[in-house]
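Below is one structure, written out as structure tokens; the observations come after it.
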DNA sequence: CTCTTAAATCAATTATAATTGATGAACTAA
DNA sequence: TTAGTTCATCAATTATAATTGATTTAAGAG
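Residue numbers (the working numbering), protein chains in the order written: chain Z, 10 to 118; chain L, 10 to 118.
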């Protein structure tokens with residue numbers, strides 16, 4: 010039985026849109042820095058991130074939201090505090106072992 | 010001997026800038042489509058790509074340049090023709106095995 | 001040389017993303 | 001209640017990226 014090769018593969022198109030969003034989230038050095046800090050620090054609240062990353066709160070919130078919406082980080086709210094951490098499962102699914110290393114502790118030696 | 014932990018790690022900063030560029034190149038579904046076609050087709054010239062990807066020549070050239078500058082694809086010129094192909098080594102260094110699969114033949118079944 | 005084709009580049013427009021300071025919502029403590 | 005804190009969101013601006021059609025460069029063919 011012959012398999013039809015469609016001109017436009019809608020499954021792939023969906024995939025490309027999904028990965029476009031994730032790569033967009035990764036395509037910013039400030040967000041890569043945030044990810045690097047989260048991998049070093051583990052779960053961290055926004056108020057502690059502010060002095061480390063050195064950016065105003067609204068800006069940090071903006072970038073955290075982009076990473077969150079792409080499922081690259083996870084948020085957990087405890088009372089007034091919001092704790093963010095890397096979604097390691099997701100990151101490992103996207104990035105190479107080599108690249109994942111800059112997002113894992115013990116690399117910045 | 011104690012190791013100093015710098016507030017700003019310039020080595021990491023350079024890395025982040027490098028990866029920012031690569032992720033930016035990947036962060037577009039049209040470019041992911043181009044990459045997918047190049048993995049299926051192998052080395053392909055621009056004039057053959059135009060009808061496959063269905064975009065005007067100047068637009069295609071623009072997107073190919075972004076992928077080329079990020080070292081994600083390789084260009085080889087033969088006379089009037091320019092042939093492009095995936096830089097597999099680079100792609101494998103960045104992306105997970107799982108994700109590399111959408112950029113390898115035999116996946117679109 | 002001229003004519004054609006291939007592909008890159010340009011300039012102008014349009015679209016998308018990032019930054020900023022201010023405001024608002026939700027929780028805690030007094 | 002009131003005041004203080006954490007964080008998200010808003011609106012306005014600025015910056016960056018994508019799209020378009022036209023032009024340009026370069027390589028063959030005749």
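Beta carbons are placed, not taken as given, at the ideal position from N, Cα and C, and that holds for glycine. Since the model is a prediction, treat every value here as computed from it, not as a measurement.
- Between the C-alpha atoms of residue 108 of chain Z and residue 34 of chain Z there is a straight-line separation of about 15 Å.
- Under the Cβ distance rule, residue 91 of chain L does not count among the residues neighbouring chain Z, no pair being separated by less than 8 Å.
- Residue 96 of chain Z is outside the set of residues whose beta carbon lies under 8 Å from a beta carbon in chain L.
- Counting the other Cβ atoms within 10 Å of the Cβ of residue 23 of chain L gives fewer than 16, which makes it exposed.
- DSSP assignment within the segment 29-103 of chain Z yields the following whole alpha helix (DSSP H) runs of 4 residues or more, N-terminal first: 38-50, 55-62, 66-78, 97-103.
- Sixteen is the threshold: when 16 or more other Cβ atoms of the shown chains lie within 10 Å of the Cβ of residue 93 of chain L, as they do, the residue is buried.
- Non-local beta-carbon contacts of residue 103 of chain L in its own chain, meaning distances under 7 Å to residues more than five positions away in sequence, involve 31 in chain order.
- Using a Cβ distance threshold of 8 Å, residue 71 of chain Z and residue 41 of chain L do not count as a contacting pair.
- Taking the Cα of residue 84 of chain L as reference, the smallest distance to any Cα among L/20, L/26, L/48, L/53 is reached at L/53.
- Annotated three-state conformation of residue 105 of chain Z is coil, per DSSP.
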